[in-house]
Every structure is written in C-alpha cells, then in structure tokens.
Amino acid sequence: MRCCSVCLFQHSLRSSPSKMDAAESASRAACPSLPASGPLGNAQPSNAAHHSAAGGGGSAGAAGGAPRAAGNSNPRSGPDSGGAGADAAVRASPQARNSPRQSANRNGAAAALAPAAAAGATSASASNMTAASASPPDASLPSGPASSASVLVYREPVYNWQATKSTVKERFAFLFNNEVLSDVHFLVGKGMGVQRIPAHRFALAVGSAVFDAMFNGGMATTSTEIELPDVEPAAFLALLKFLYSDEVQIGPETVMTTLYTAKKYAVPALEAHCVEFLKKNLRADNAFMLLTQARLFDEPQLASLCLESIDKNTADALAAEGFTDIDLDTLVAVLERDTLGVREVCLFGAALRWAEAEAQRQQLQPTSENKRRVLGKALSLIRFPLMTIEEFAAGPAQSGILSDREVVSLFLHFTVNPKPQVEFIDRPRCCLRGKECSITRFGQVESRWGYSGTSDRIRFSVNRRIFVVGFGLYGSIHGPTDYQVNIQIIHTDSNTVLGQNDTGFSCDGSASTFRVMFKEPVEILPSVNYIACATLKGPDSHYGTKGMRKVTHEAPATGTKTCFTFCYAAGNNNGTSVEDGQIPEVIFYT
294 MRCCSVCLFQ
304 HSLRSSPSKM
314 DAAESASRAA
324 CPSLPASGPL
334 GNAQPSNAAH
344 HSAAGGGGSA
354 GAAGGAPRAA
364 GNSNPRSGPD
374 SGGAGADAAV
384 RASPQARNSP
394 RQSANRNGAA
404 AALAPAAAAG
414 ATSASASNMT
424 AASASPPDAS
434 LPSGPASSAS
444 VLVYREPVYN
454 WQATKSTVKE
464 RFAFLFNNEV
474 LSDVHFLVGK
484 GMGVQRIPAH
494 RFALAVGSAV
504 FDAMFNGGMA
514 TTSTEIELPD
524 VEPAAFLALL
534 KFLYSDEVQI
544 GPETVMTTLY
554 TAKKYAVPAL
564 EAHCVEFLKK
574 NLRADNAFML
584 LTQARLFDEP
594 QLASLCLESI
604 DKNTADALAA
614 EGFTDIDLDT
624 LVAVLERDTL
634 GVREVCLFGA
644 ALRWAEAEAQ
654 RQQLQPTSEN
664 KRRVLGKALS
674 LIRFPLMTIE
684 EFAAGPAQSG
694 ILSDREVVSL
704 FLHFTVNPKP
714 QVEFIDRPRC
724 CLRGKECSIT
734 RFGQVESRWG
744 YSGTSDRIRF
754 SVNRRIFVVG
764 FGLYGSIHGP
774 TDYQVNIQII
784 HTDSNTVLGQ
794 NDTGFSCDGS
804 ASTFRVMFKE
814 PVEILPSVNY
824 IACATLKGPD
834 SHYGTKGMRK
844 VTHEAPATGT
854 KTCFTFCYAA
864 GNNNGTSVED
874 GQIPEVIFYT
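Each residue of the sequence shown is one higher than the one before, counting from 294 in my numbering.
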C-alpha cells in the first residue's frame, strides 16, 4: 500500500520542481519495482548522434535537475524521443546520399519531400517546463550552435507518459526509436555509419511477417542485439516509423533504400507508398535508373511506366547522366523495343557511351574490341539497316565496333539490289501509341501489272491527323519472287518528299498484299493533299480493281472514324488511278 500512496501523491508534488524531484527519490526508495529512469524519467536512450549535433551535448540531470557534463559518456545515447533523431536521419543520412544506383535519381530530381509533420505538443502544464538540451519525445529541437541551453521544452510526467497520449497510435508513435520498454536493439549499417536503434518485438511482429518469424517462429532469435549490415539506417528508421505510426517518411534520397527495406521485411503497404512516390517523380532524366531498380525489385508496373517514358522521350533519356550506369540486361530490354522515338544512329552513339563506361567498371581498356565484348547481345539489337548510308558511313563504319565483313554486308545492303541478307534487324521502330490500322482501297484483285521504271502514284487526303508507317503492295503472279522498291510520300503543293525508303520485299505468288515500311512514321495532316508513290523493279504482279474514292476506317474501341479520299495524281503514274492499279493499302497510326 505504501507504493500506491507514494505514486498517487506525486500529482500534488508536480507544482514544485524541487518537490517533484524529492518525490521522485522517495518513490524510488519506496517502490523498488519502478525502473531506473533517464533524464526525463524514462529509461536511458541509446541513439544520440542526431541530438549531439544540436549544439548542447548534454541533458537535464536525472534526479536533482542539475545538467550533466557536455561530453556524453555514451556516444550513442540520445534524446528520449526518436522522433527528431529519426527525422534527421531520414533527411540527411550520408549513406543514402552516397549510394550510387539506389539514389541516382537525385540528379535533377524535385526537391525532397517535406518530412512528416512533427508530433503534437504534450498537454503538460507550464509548471512542467524546464530548460534542457535533451529533446522530449514529442518536441523537435532546432539545430544550430547554442540552441540547447535556452530552449524551453515540455517535460514528460515522470512514470506517466501514457496519460498524455489519448490514442493507441500516439502511444506507439511515442515508442518509435525510444528506449522506453524496448526489448531489442538493431545495429544498422556498416563501418563508421552503424547506428544502434531500439525497438519493441511486439510492435515489429504486428507489422511484419518477417519480424514475426524472427522473434516468434520455430527458429526465433533470443539475441537482444541484431546486426543489419545490408540496410541503411535512414531506410530502417523510415520502416520503423511506418510500423509504429503509419507515417511515411520518404524522399528522393531515401526512396530506393526504403523500398529495398520494405521488401526485405515484407511490408507491402510501405512498398506501395515508395512505388507511388517513384511514379510521381518519374521523368526522362531518371527513367533509366528507375527502370533498373524496378527490374531489380520486381516491380512490373513501375518498369512499364519507365519504358513508356523512355519511348516518349528517348533522346532525353539517353542523354541523362544515369543512362551509362544501367546494367546490360536493362540495355537489352530497351534496345529490343519497337517503340523508341529516336533515330538509330543516336541509339548507336548511346550504346558506345554505355560500353565505354561498362569497360571501365570491368577495369578494361576502352578499346573497340572491349566495347564490343561488353555490349554482347546488345550490339545485334541496333538496327543498322534503318540508318541512311551517310549516317552509317560517318559513324558505325568507322567505329571499329563492327567487323569488316559486317561493314561490307551493310554497305551492300544500302547500295545494291536485290539487297543481301544482313545479320541485323531491319524492322522499323515506331514511336507511336495505339493499334496499327490499315485501309484497302480496291474491291477486287486481277492479274498482270507491268513495270518499266515508272512510279505508281495516287493522290490522297485524310480528315484527321495520322501517321503513315508503310504501304501494302501487290506481288508477283509467277510464284515466289523478290522485288526492289522505293516508296515515298510527297507533299503535293510543295513537291517535298516527306518520307521514303529504298528497300525490297519478298512475295509468295499469292494475291495478298506485302508490307513495305518507312524508316520513320510520316505525319499526315487533315485536308492536305499528299502523293503516295511506289517504284517497283521486278516481274509482272497482281493489281487491284473496283477502286473506291473514299475509304473510312472506324476504330473498334472508340468509334473514331478516319476518312481517306483518293484522287488521280497528275503526270506519269504507270497507270495507277482511283479505279485500278498498285498501292492498294495504307498502313497508319492515329
């Protein structure tokens, strides 16, 4: 009963600091079951690296209120509340700042998110306020020299901090990074950056299946100190902050390490917050870095968004500083895409820059042979046939990356007909979204259309903006045959060639059409006249009849209609007209 009397009597003693300190001593003598207190009546804290930077270095005396010596005997001790220290760690961890790939998106990134709002002030009366350098659990101490000696901070009621926390969330938030009731410590980081962080097994097990297995599983650890050398202290504090209070503290400097930590300890809700943050901050200059991390952490939705950003802003993404830091698998995944919006010669230049950086990472001399070696499969994914002969001659042919046989083969591909087979892909890249569309302007197919070097031409216009990517042409009536062909789109009024390709195609002797594609999409504006032109060299072919002057394509999903109007092209056009002839099909995107 004596213990209870002393405890109940404390409330009346709080009106006087001296009486309270005396009561504190009396209660300790009368109630041996009460724990030894720290400077504010709580157990001794263990994480003072952040507080000591505030300028005070000491804290209020334990029982009598006299300040301790400025030099703390425990270099890892700190404020009773982990709130201020954790905020500083999450904002300013040098390990997070200096991680080369996990935080590469800091270059040009948006300003770091503001830290989570500070916890609310306590409801203690003014009589409980004291000048002290130690930060109480719910108050942030301003940084800077000589700030600790003159700042008034709220002092938690001795042995009764629970009374000022009206909700379970507030009570658990108070325990975050706090020695009070802690039963396990984590040594997080490695080298000089290790931090000793207190925690509570119950709180961790409730929020993470990994922690639950660690503390309560069949092979549960009994250790009170657990080393985590592969985790960044700032990221671990962000994880604990979330588990204790549902507060999310992530920024450009820590989001990658926090995502890794959330995945390691199976906290999907925090994972989702990290991924959402990355989505909002995705830009061309960090798309490659985020793509690498998305593939590493198996985040397919984020990876898809990164690839879409690269497709739309390929040149900017390739020019970004982080591009040369990606791994080979990521480079291959990008070069395989048909939707990159950049000329192939630019892709080749970017691949050379990456190869030089990779050779240095592998401690190889950046010779042509070593660049080809580190590129590996990626080299075969560069579509050299899509370059002009001038681009190829000025760049790849002189780079030393290609063998003499490959250079000769590609020059023959550019200059002779029929074109020889090459080892590189000649399928055009199309940076357009949506589904490929096509229209056919003939209702029937007949036999025997001859060629003597004259171009087949037809004039057309459309009712809305589209991008033409190729034509469908008729093939031979004499069985499987190869044709040489030059296709063009000409602006009628200015007689300007807007797009062309000198190529070839193989047919099987059927009456089907065979695709011949431009190297790049050709923009077609509404209500403007253009001429579709095809110059074929080869045997007699099929041709179309019962032509239509107007052909409409309706998109199945949206119902959007694209209307083509065909007219006779003045001049020599090898007989092709609205009614019959070649160029039966136009392939386009909307």
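Glycine residues also receive a C-beta, built at the ideal position from the N, C-alpha and C atoms.
_Boundaries (first-last residue) of the beta strand (DSSP E) holding Gln793_ = Thr789 to Cys800
_Within 10 Å of its beta-carbon, does Ser769 have 16 or more other beta-carbons around it, so buried, or fewer, so exposed?_
Here Ser769 is buried, its C-beta having at least 16 other C-beta atoms within 10 Å.
*asked:* Can you tell me whether Pro721 is buried or exposed? The criterion is at least 16 other CB atoms within 10 Å of its CB, across all chains shown.
replied: buried
*To which residues of the same chain is Gly911 closer than 6 Å at the C-beta, ignoring the five residues directly before and after it?*
This structure does not reach residue 911, given that the chain is present from 294 up to 883, and the question cannot be answered.
*So what does DSSP say about Cys723, is it helix, strand or coil?*
coil
*Beta bridge counterpart(s) of Ala501 as assigned by DSSP*: Note on residue identity: the sequence assigns Ser, not Ala, to residue 501. Residue pairing by DSSP places Ser501 opposite no residue, since no beta bridge is assigned to it.
*Helix, strand or coil for Met582 per DSSP?*
Met582 sits in a helix when the DSSP states are folded into three classes.
_Inter-residue spacing [alpha-carbon to alpha-carbon] between Gly688 and Val627_ = Taking the straight line from one Cα to the other gives about 21 Å.
*Take every Cβ of the stretch 566-583, pair it with every Cβ of the stretch 506-525, and state whether three or more of those distances are shorter than 8 Å.*
In the pairwise beta carbon analysis, the stretch 566-583 is classified as not touching the stretch 506-525: fewer than three pairs are separated by under 8 Å.
*Three-pair Cβ contact test at 8 Å for the stretch 797-813 versus the stretch 843-858*: Proximity of the stretch 797-813 to the stretch 843-858 falls short of the contact definition, fewer than three beta-carbon pairs being nearer than 8 Å.
*Taking just the CA atoms, how far does Leu633 sit from Ile543?*
Taking the straight line from one Cα to the other gives about 32 Å.
*What first and last residue would you give for the beta strand (DSSP E) that runs through Ser673?*
Unbroken run through Ser673 is the alpha helix (DSSP H), Lys670 to Ser673; no beta strand (DSSP E).
_Opposing strand residues paired with Ala825 [DSSP bridges]_ = Ile751 and Ile782
*From what residue to what residue does the alpha helix (DSSP H) around Met549 run?*
Val548 to Lys557
_I'd like to check one pair, Val715 with His706: are the Cβ atoms closer than 8 Å?_
yes
*Same chain, Cβ closer than 7 Å to Glu520, five either side skipped, listed in chain order*: Residues of the same chain with a CB within less than 7 Å of the CB of Glu520, apart from the 5 flanking positions on each side, are Leu480 in chain order.
*For Ala502, collect the residues of the same chain with a Cβ closer than 8 Å to its Cβ; drop the 5 residues on either side in sequence, then sort them by chain order.*
So the list reads Ala559, once near-sequence residues are dropped.
*Cβ-based burial, Lys812 [other Cβ within 10 Å; buried from 16]*: Lys812 comes out buried.
*Does the Cβ-Cβ distance between Val667 and Ser754 come in under 8 Å?*
no
_Helix, strand or coil at Gly874 [DSSP, three-state]_ = strand
_Please tell me whether Tyr744 and Lys830 are closer than 8 Å, where the distance is taken between their beta carbons._
yes
*Compare the Cα-Cα distances from Thr517 to each of Thr845, His493, Ser870 and Ala613 and report the closest residue.*
Ranking the options by Cα distance to Thr517, first place goes to His493.
*Are the beta-carbon atoms of Ile782 and Gly797 separated by less than 8 Å?*
no
*Which residue comes first and which comes last in the alpha helix (DSSP H) that contains Phe529?*
Run containing Phe529: Pro526 to Ser538, per the alpha helix (DSSP H) assignment.
*Reduced DSSP secondary structure (H/G/I, E/B, other) of His566*: helix
*What is the DSSP secondary structure of Pro819, counted as helix, strand or coil?*
coil
*Can you tell me which of Leu621, Val790 and Thr554 puts its alpha carbon nearest to the alpha carbon of Leu584?*
Leu584 has its Cα closest to that of Leu621, out of Leu621, Val790 and Thr554.
*Can you list, in chain order, the residues of its chain whose CB lies under 7 Å from that of Leu818, leaving out five sequence neighbours each side?*
Arg758
*asked:* Given this structure, state the Cα-to-Cα distance separating Leu468 from Phe590, to the nearest angstrom.
replied: 31 Å
*asked:* Just to confirm before moving on: does the CB-CB distance between Ala496 and Tyr537 stay below 8 Å?
replied: yes
*Asn365 to Thr457, Cα distance in whole Å?*
With a pLDDT of 37 at Asn365, under the threshold of 50, the modelled position of this residue cannot be trusted; read the value that follows with caution. Each residue's alpha carbon lies about 29 Å from the other.
*asked:* So if DSSP puts Thr708 in a beta bridge, which residue, or which two residues, is it bridged to?
replied: Paired residue(s): none; Thr708 is not in a bridge.
*Could you please give the first and the last residue of the uninterrupted alpha helix (DSSP H) stretch that includes Trp647?*
Here the alpha helix (DSSP H) through Trp647 covers Glu637 to Arg654.
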